[in-house]
Amino acid sequence: MNLTEALLEREKNIGRPVRVGLVGAGQMGTGLAAQIGKIKGMELVACADIDKNRAENALTLSGINSIGYDSDASSSIEKGNGGVVSDVRALAELPIDIVYEATGVPWVGAEVAYSCLLAEKHVLMLNVETDITIGLYLAELSKKKNVVYSVANGDEPVVCKELYDFSIDTGFEVVCVGKGKNNPLDQKATPDSLKDEANKKKMNPKMLASFVDGSKTMIEMTALSNGINLPLDKVGMNGPISEVKDLHKTLIPEKDGGVLSDTGRVDFAFGPAPGVFSIVKSDSPTVIEEMEYLSMGEGPY
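For the sequence shown, this note's numbering assigns the number 135 to the initial residue and increments by one for each residue that follows.
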């Protein structure tokens, strides 16, 4: 049974789709809203944003035609419509099942996740900044409340973890897991210096600056490190320049010609971008031969 089948089976059993709430109707939140409207067995019914018009737009993009506001939001949702709230904490009181946090603001994400988990709502974070700050506490709270707390799939930390899990599950020794940085590094970049580019890309200048100056890469790899319990190789990581075909020669221990201090590390590279990777090692001649045949490297890495 795939996810769509499971969602439709759930809808059949309880009589309604999964009700989703969204915090943050910026670039990522709006894209998510538009796509949720295409997913069977799921519907976006609530949104909170500092700009009411953006919240309305997100619900409209998702297929909602009638909206109740603040104190009327709950009854509107129960009637099969949508709700917009100005206070993010109000989402916890709405008749919804799961909340996506997409503001990218640590304190907002913390407040949303905490209140929603206490109300036994599932929480998915597009806000990795919050996760690296108090994610451990939120994860522990979710277990006590028997609900899900997770960074959302599709972002680098979770996609990297999927590669890590696959590597472990297939019996390999994990040498390095990480991502490719998909734009040139400029540590002097500021929201002001990137304002024009951000406007062209319909992005928040602060968010674009975090991509360009390297902050976002540090944040994402910290979340990955916390999630799989592998350390960063060093403060700031190594970040070598490497093509995909050479990653298995670069992100390996120094004693074997690479840049790492040891195996079992998290790092990033310039070059294989956008993308994520898992460098693994085998001591089996048979497996090494098969991996080389599959163009995965000459071995043992």
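Cβ atoms here follow ideal geometry from the backbone N, Cα and C, with glycine treated the same way.
Between Val218 and Ile201 the beta-carbon gap is near 6 Å, inside 8 Å, which marks them as a contact.
The segment 175 to 230 is shown to contain whole alpha helix (DSSP H) runs of 4 or more residues at 186 to 195 and 207 to 212, in chain order. The bridge partners DSSP lists for Ala403 are Gly314. For Ser395, there is no enclosing alpha helix (DSSP H), as DSSP marks it with neither H nor E.
In this structure, Val262 sits away from Cys250, with a CB-CB distance that is not shorter than 8 Å. Pairing Pro434 with Ser395, the inter-Cα distance amounts to about 17 Å.
In the DSSP assignment, Tyr234 falls outside any alpha helix (DSSP H) and within the unbroken beta strand (DSSP E) covering Ile232 to Glu235.
For the 8 Å CB-CB criterion, Lys315 and Phe402 form a contact. 8 Å or more divides the Cβ of Leu166 from the Cβ of Ala226. Collapsing the DSSP output to three states places Asn287 in a strand.
Comparing alpha-carbon positions, the option among Thr267, Glu296 and Ala189 lying closest to Asp221 turns out to be Ala189.
Closest in alpha carbon position to Ala182, among Ile173, Gly175, Lys174 and Ala192, is Ala192.
Every unbroken stretch of the alpha helix (DSSP H) spanning 4 or more residues and falling wholly within the segment 326 to 396 is given here in chain order: 329 to 334, 339 to 346, 349 to 362 and 381 to 384. The beta-carbon separation of Lys213 and Val309, rounded to 55 Å, does not stay under the 8 Å limit for a contact. The three-state secondary structure of Ile173, taken from DSSP, is coil. Put simply, the segment 319 to 331 does not touch the segment 352 to 371. Fewer than three CB pairs are less than 8 Å apart. Considering only Tyr248, Glu388 and Lys278, the residue with the shortest C-alpha distance to Asp265 is Tyr248. Cβ atoms of Ile413 and Leu381 come within 8 Å of each other, at about 6 Å.
Pro419 counts as exposed, since fewer than 16 other beta carbons sit within 10 angstroms of its beta carbon. Look at Glu307 here: in three-state DSSP terms it is strand. Taken through DSSP and simplified to helix, strand or coil, Gly155 comes out as strand. About 5 Å separates the CB atoms of Ile211 and Val179; that is less than 8 Å, so the two are in contact. Here Met135 is exposed: its Cβ has fewer than 16 other Cβ atoms, across all protein chains shown, within 10 Å. Sequence-distant partners of Lys368 (beyond 5 residues in either direction) whose C-beta falls short of 8 Å from its own C-beta, in its chain, are Ser395. For the 8 Å CB-CB criterion, Pro229 and Arg144 do not form a contact.
Comparing alpha carbon positions, the residue from Ala224, Leu385 and Gly361 closest to Asp204 is Ala224.
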